[in-house]
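Undergrad: Here's a structure for you.
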Amino acid sequence: MTRPVRVRFAPSPTGPLHIGGVRTALYNYLFARKHGGTFLLRVEDTDQGRYVPGAEAYITESLRWCGLEPDEGPEQGGPFAPYRQSERRTVYEAHAQELVRRGAAYHAFDTPVSLEARRLEAEQAGTAFRYDAQTRMGLENSLTLPAGEVARRLAAGEPAVIRLKVPAGETVAVEDLVRGQVVFNTDELDDKVLLKADGMPTYHLANIVDDHLMEITHVIRGEEWLPSTGHHVLLYQAFGWEATMPRFAHLPLILKPDGKGKLSKRDGARFGIPVFPLAWDGESPEDSFRGFREYGFLPSAVLNFLAFLGWNPGTDQELFSLPELAAAFSLDKISKGGARFDYDKAKWFNQQYLHAMEPALLATWVRPWVRAVGYEVSDSRLQEICRLMKDRLSLLSDLPEQAAYLLGPVRAVDAVQVRKRWDPTSRALVEALAGVLSDVAVFDAAGLEEQVKSFAAERGIKIGQLMPLLRLALAGTMQGPMVFDMMQVLGREAVRTRLHEACEHFDRLVASPPEAV
RNA sequence: GGCCCGUUCGUCUAGGGGUUAGGACGCUGCUCUUUCAAGGCGGAAACACGGGUUCAAUUCCCGUACGGGCUACCA
32 MTRPVRVRFA
42 PSPTGPLHIG
52 GVRTALYNYL
62 FARKHGGTFL
72 LRVEDTDQGR
82 YVPGAEAYIT
92 ESLRWCGLEP
102 DEGPEQGGPF
112 APYRQSERRT
122 VYEAHAQELV
132 RRGAAYHAFD
142 TPVSLEARRL
152 EAEQAGTAFR
162 YDAQTRMGLE
172 NSLTLPAGEV
182 ARRLAAGEPA
192 VIRLKVPAGE
202 TVAVEDLVRG
212 QVVFNTDELD
222 DKVLLKADGM
232 PTYHLANIVD
242 DHLMEITHVI
252 RGEEWLPSTG
262 HHVLLYQAFG
272 WEATMPRFAH
282 LPLILKPDGK
292 GKLSKRDGAR
302 FGIPVFPLAW
312 DGESPEDSFR
322 GFREYGFLPS
332 AVLNFLAFLG
342 WNPGTDQELF
352 SLPELAAAFS
362 LDKISKGGAR
372 FDYDKAKWFN
382 QQYLHAMEPA
392 LLATWVRPWV
402 RAVGYEVSDS
412 RLQEICRLMK
422 DRLSLLSDLP
432 EQAAYLLGPV
442 RAVDAVQVRK
452 RWDPTSRALV
462 EALAGVLSDV
472 AVFDAAGLEE
482 QVKSFAAERG
492 IKIGQLMPLL
502 RLALAGTMQG
512 PMVFDMMQVL
522 GREAVRTRLH
532 EACEHFDRLV
542 ASPPEAV
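First residue of the first sequence: 32, per the working numbering; consecutive thereafter.
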């Protein structure tokens with residue numbers, strides 16, 4: 032009785048999609064691809080109080096950026112539409128009623144206020160209040176009220192919820208694909224609200240009903256759901272759906288960089304790291320964030336990094352494309368312990384992808400950043416710059432800064448280095464070289480190198496003496512690509528003018544007193 | 001507090017009754033080199049603790065400690 036694999040990613044549009052959510056989506060996607068199954072997106076927007084406009088669009092856009100397009104979902108439709116829970120409320124209501132009819136659920140009239148009072152009371156007595164088999168007979172519900180009274184209240188439209196009637200003294204076991212058998216004693220499980228007073232289902236009801244109706248075969252979700260899985264199994268049993276109950280796989284949590292708790296949106300600001308895939312413009316600055324994209328990450332690198340947070344293929348290979356991940360993926364390789372978010376490792380993955388990228392492709396990725404700081408350079412020139420800078424980048428956003436002197440004029444000069452290396456003889460030397468260089472037939476790196484070397488040889492100076500001067504004159508800094516490569520990219524004219532301007536500038540600089548630090 | 005889950009270098013992890021406990025990030029040394037990177041070659045660095053079981057436990061079992069999650073008419 033093996034059914035075609037169907038998995039779902041079921042986020043709640045209460046804000047931007049957290050990076051842990053992206054990982055959950057990724058694992059679901061990989062599992063679906065691995066088994067030739069279907070990956071669907073279901074939007075769990077049953078809490079109108081926490082609904083945030085724009086969040087669903089954000090989720091969709093994030094998945095698209097990552098390349099994790101759902102096979103079915105609100106946008107792409109599918110045989111089980113609608114895929115937005117707010118559009119399915121009659122389905123849940125009917126199912127909740129069905130449970131009442133079966134005696135597996137009941138109506139409850141207790142108000143949130145009265146329940147809160149009970150909780151407070153219990154807390155002061157040093158215990159915890161729980162709406163369960165022990166307490167429900169002392170509360171206001173269809174189990175304790177006369178049938179006529181219940182009917183009257185319901186007919187009068189009195190606020191009421193439907194609760195699951197958890198059986199006492201039983202044991203529920205789940206065979207989790209990641210953790211093995213997990214057992215719950217029903218005496219520890221409360222009578223969860225299934226249908227809220229506003230007619231909307233809670234997660235527990237909606238989730239089980241939809242997973243069943245949408246023929247979900249595997250539920251791959253975060254570990255925070257493990258404690259309520261007992262309820263979920265009870266629900267499948269109450270509906271008589273045990274035979275097609277999905278298998279569960281609970282993923283380890285992604286922890287804060289310091290390991291103290293699960294990663295949350297506030298950690299972005301706290302640790303100076305991205306925790307969202309894309310930027311999010313909230314209502315306030317504190318609620319607005321830059322994402323991995325805005326930090327300069329490639330989606331493929333983010334995915335690769337995320338895949339390895341809680342999973343590994345069991346080999347030494349670390350760099351995987353999305354199809355490769357899908358081929359290698361398996362649930363039994365998922366680790367059990369929480370994984371700390373390691374920003375250095377994330378950057379390393381990005382760096383690896385940047386290194387492996389063709390300059391022409393890199394140029395298209397880097398273009399927006401270049402434009403953002405006001406540089407306009409031709410495609411061919413940008414590609415050349417990318418070729419030289421590729422190995423020095425770990426983020427796309429590094430390029431405009433590190434290659435500033437190739438994209439535009441030299442803006443910053445390392446005065447300390449100039450003072451150290453520029454002496455009274457330097458000017459004559461550099462100007463003489465500039466003269467030689469302007470006569471070079473073909474202005475490319477190889478030819479230039481030859482010219483400069485013979486120039487140095489003729490003058491009897493060491494190349495190591497000359498190069499730093501050229502580098503400083505051309506770039507203003509001691510860091511960067513090979514000088515001859517820079518020259519080629521800069522071109523004959525720019526090299527000539529930079530050399531001459533630097534002579535003026537450096538002479539003056541060296542003559543002036545160093546600033547007190 | 002109760003319930004559930006977890007624990008191999010600082011971090012992500014491989015491994016599994018007998019191993020020099022492997023890899024990666026980070027750190028670090030050397031090398032390459034006109035600089036900075038990248039690359040190459042090295043180095044330091046781990047089985048939480050206590051009991052069992054066993055000829056043998058880091059590996060299996062039980063405790064303890066520590067960490068995490070859940071404990072809403074939120075998901």
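Even for Gly, the Cβ is constructed at its ideal location relative to N, Cα and C.
Please classify GLN519: is it buried, with 16 or more other beta-carbons within 10 angstroms of its beta-carbon, or exposed?
TA: The residue you call residue 519 lines up with position 488 of the first sequence. Classification for GLN519: buried.
Undergrad: Sort out for me which residues DSSP pairs LEU176 with in a bridge.
TA: On the first sequence, position 145 is the one that residue 176 refers to. According to DSSP, which records beta bridges pairwise, LEU176 is partnered with nothing at all.
Undergrad: Just checking my contact of VAL209 with ILE365 at CB under 8 Å: how many whole Å lie between their CB atoms?
TA: Translated into positions along the first sequence, residue 209 becomes position 178. Translated into positions along the first sequence, residue 365 becomes position 334. With a Cβ gap of about 5 Å, VAL209 and ILE365 count as contacting.
Undergrad: For TYR264, which of helix, strand or coil comes out of DSSP?
TA: Within the first sequence, residue 264 is the residue found at index 233, counting from 1. Note on residue identity: the sequence assigns Val, not Tyr, to residue 264. The answer is helix: DSSP assigns VAL264 an H, G or I state.
Undergrad: Where are the beta strand (DSSP E) runs, 3 residues long or more, that stay fully inside the stretch 429 to 504, in chain order?
TA: You should have found no qualifying run.
Undergrad: Helix, strand or coil for ALA547 per DSSP?
TA: By one-based count along the first sequence, residue 547 stands at place 516. Residue confidence is low: ALA547 scores 46 on pLDDT, short of 50, so the model does not pin down where it sits. Its coordinate-derived value is still stated next. Three-state DSSP puts ALA547 in coil, outside helix and strand.
Undergrad: Using 10 angstroms around the beta-carbon of SER457, count the other beta-carbons present and answer buried if the total reaches 16, otherwise exposed.
TA: Working through the first sequence from its first residue, we reach residue 457 at position 426. Counting Cβ neighbours within 10 Å, SER457 comes out buried, since at least 16 surround it.
Undergrad: Between which two residues does the beta strand (DSSP E) containing VAL213 stretch?
TA: What you label residue 213 is simply residue 182 of the first sequence in a count that begins at 1. Start and end: 211 to 216.
Undergrad: Tell me, please, whether the stretch 255 to 264 touches the stretch 196 to 209 by the rule of three or more beta-carbon pairs shorter than 8 Å.
TA: These segments touch.
Undergrad: Alpha carbon to alpha carbon, what distance is there between LEU353 and LEU385?
TA: Indexing the first sequence from 1 puts residue 385 at position 354. Indexing the first sequence from 1 puts residue 353 at position 322. The alpha-carbon atoms of LEU385 and LEU353 are separated by roughly 16 Å.
Undergrad: Tell me the rounded alpha-carbon separation between PHE372 and LEU174.
TA: Translated into positions along the first sequence, residue 372 becomes position 341. Translated into positions along the first sequence, residue 174 becomes position 143. So the alpha carbons of these two residues sit roughly 48 Å apart.
Undergrad: Would you check if there are 3 or more beta carbon pairs closer than 8 Å linking the stretch 310 to 323 to the stretch 271 to 282?
TA: Output reads no: the stretch 271 to 282 does not touch the stretch 310 to 323.
Undergrad: For MET420 and GLY495, what's the separation of their Cα atoms in angstroms?
TA: Start at 1 with the first residue of the first sequence, and residue 420 comes out as number 389. Start at 1 with the first residue of the first sequence, and residue 495 comes out as number 464. Cα to Cα, the separation comes out at about 22 Å.
Undergrad: Taking the C-alpha atoms as reference points, what is the distance between PHE160 and ASP102?
TA: Translated into the one-based positions of the first sequence, residue 160 becomes position 129. Translated into the one-based positions of the first sequence, residue 102 becomes position 71. Approximately 43 Å between the Cα atoms of the pair.
Undergrad: For ASP241, count neighbouring Cβ atoms within 10 angstroms of its own Cβ and tell me buried if that reaches 16, exposed if not.
TA: The residue you call residue 241 lines up with position 210 of the first sequence. Buried.
Undergrad: For the alpha helix (DSSP H) containing ASP241, name the first residue and the last one.
TA: By one-based count along the first sequence, residue 241 stands at place 210. It spans 234 to 244 - the alpha helix (DSSP H) in which ASP241 sits, taken as one unbroken run.
Undergrad: What number of angstroms, rounded off, separates the C-alpha of LYS291 from the C-alpha of LEU284?
TA: Your numbering for residue 291 matches position 260 in the first sequence. Your numbering for residue 284 matches position 253 in the first sequence. Cα to Cα, LYS291 sits roughly 12 Å from LEU284.
Undergrad: Tell me, please, which residues DSSP counts as bridged to GLY253.
TA: Locating residue 253 in the first sequence gives position 222, counting from the first residue. For GLY253, which the question treats as bridged, DSSP gives the partners LEU282.
Undergrad: Output yes or no for whether 9 Å exceeds the beta carbon distance between VAL441 and ARG502.
TA: Within the first sequence, the letter at position 410 stands for residue 441. Within the first sequence, the letter at position 471 stands for residue 502. Not in contact: VAL441 and ARG502 (Cβ atoms no closer than 9 Å).
Undergrad: Which same chain residues, not among the five before or five after ARG523, have their C-beta less than 7 Å away from its C-beta?
TA: Within the first sequence, numbered from 1, the residue matching residue 523 stands at position 492. Once the five neighbours on either side are set aside, the close Cβ partners of ARG523 are SER469 and PHE474.
Undergrad: Within the same chain, show all residues whose beta-carbon is closer than 7 Å to that of THR91, passing over the 5 residues directly before and after it, in chain order.
TA: Counted from its first residue, the first sequence places residue 91 at position 60. Within the same chain, THR91 has close Cβ partners GLU106.
Undergrad: Roughly how far, in whole angstroms, is the beta-carbon of ASP76 from the beta-carbon of PRO44, given that I think they are within contact range, below 8 Å?
TA: Numbered from 1 along the first sequence, position 45 holds the residue referred to as residue 76. Numbered from 1 along the first sequence, position 13 holds the residue referred to as residue 44. About 5 Å separates the two Cβ atoms, so the contact holds.
Undergrad: Put LEU299 into one of helix, strand or coil per three-state DSSP.
TA: In the first sequence, the residue the question calls residue 299 occupies position 268. According to the sequence as given, residue 299 is Gly; it is not Leu. Three-state result, GLY299: helix.
Undergrad: So who's on the other strand from LYS312, going by DSSP bridges?
TA: Start at 1 with the first residue of the first sequence, and residue 312 comes out as number 281. According to the sequence provided, residue 312 is Asp. The question's Lys does not apply to it. DSSP lists no partner for ASP312.
Undergrad: Are there 16 or more other CB atoms within 10 angstroms of the CB of ASP375, so buried, or fewer, so exposed?
TA: Numbered from 1 along the first sequence, position 344 holds the residue referred to as residue 375. When all chains shown are included, ASP375 counts as exposed.
Undergrad: Beta-carbon separation of LEU426 and TYR326 under 9 Å?
TA: Within the first sequence, numbered from 1, the residue matching residue 426 stands at position 395. Within the first sequence, numbered from 1, the residue matching residue 326 stands at position 295. Cβ atoms of LEU426 and TYR326: closer than 9 Å.
Undergrad: Got a sec? Which residues, its chain only, sit under 8 Å from CYS97 by beta carbon, not counting five neighbours each side?
TA: Working through the first sequence from its first residue, we reach residue 97 at position 66. Same-chain partners within the cutoff: VAL53, ALA56, LEU57, PRO308, PRO330, VAL333 and LEU334.
Undergrad: Indicate the three-state DSSP secondary structure (helix, strand or coil) for ALA139 in the structure shown.
TA: Along the first sequence, read from residue 1 onward, the residue named residue 139 stands at position 108. DSSP places ALA139 in strand when its eight states are reduced to three.
Undergrad: In whole angstroms, give me the CA-to-CA distance for HIS126 and LYS227.
TA: Along the first sequence, one-based indexing puts residue 126 at 95. Along the first sequence, one-based indexing puts residue 227 at 196. Taking the straight line joining both Cα atoms gives about 13 Å.
Undergrad: Measuring only the C-alpha atoms, how far is PHE568 from PRO344?
TA: Residue 568 cannot be examined here, being either before or after the span of the chain that is shown, 32 to 548.
Undergrad: Exposed or buried, ASN238, counting other C-beta atoms within 10 Å across all chains shown (16 or more means buried)?
TA: Looking up residue 238 in the first sequence gives position 207. Classification of ASN238: buried, given that the 10 Å Cβ count is 16 or more.
Undergrad: Where are the beta strand (DSSP E) runs, 3 residues long or more, that stay fully inside the stretch 389 to 414, in chain order?
TA: Here no run is fully enclosed.
Undergrad: According to DSSP, which residues form a beta bridge with LEU57?
TA: Here residue 57 refers to the residue found at position 26 of the first sequence. Looking at the DSSP assignment, LEU57 forms no beta bridge with any residue, so it has no partner.
Undergrad: What's the C-alpha gap between ALA191 and PHE140?
TA: Here the question's residue 191 lines up with position 160 in the first sequence. Here the question's residue 140 lines up with position 109 in the first sequence. If you take the alpha carbons of ALA191 and PHE140, they lie about 5 Å apart.
Undergrad: When the Cβ atoms of the stretch 244 to 253 are set against those of the stretch 213 to 223, are three or more pairs found closer than 8 Å?
TA: Flag = no, the stretch 244 to 253 and the stretch 213 to 223 do not touch.
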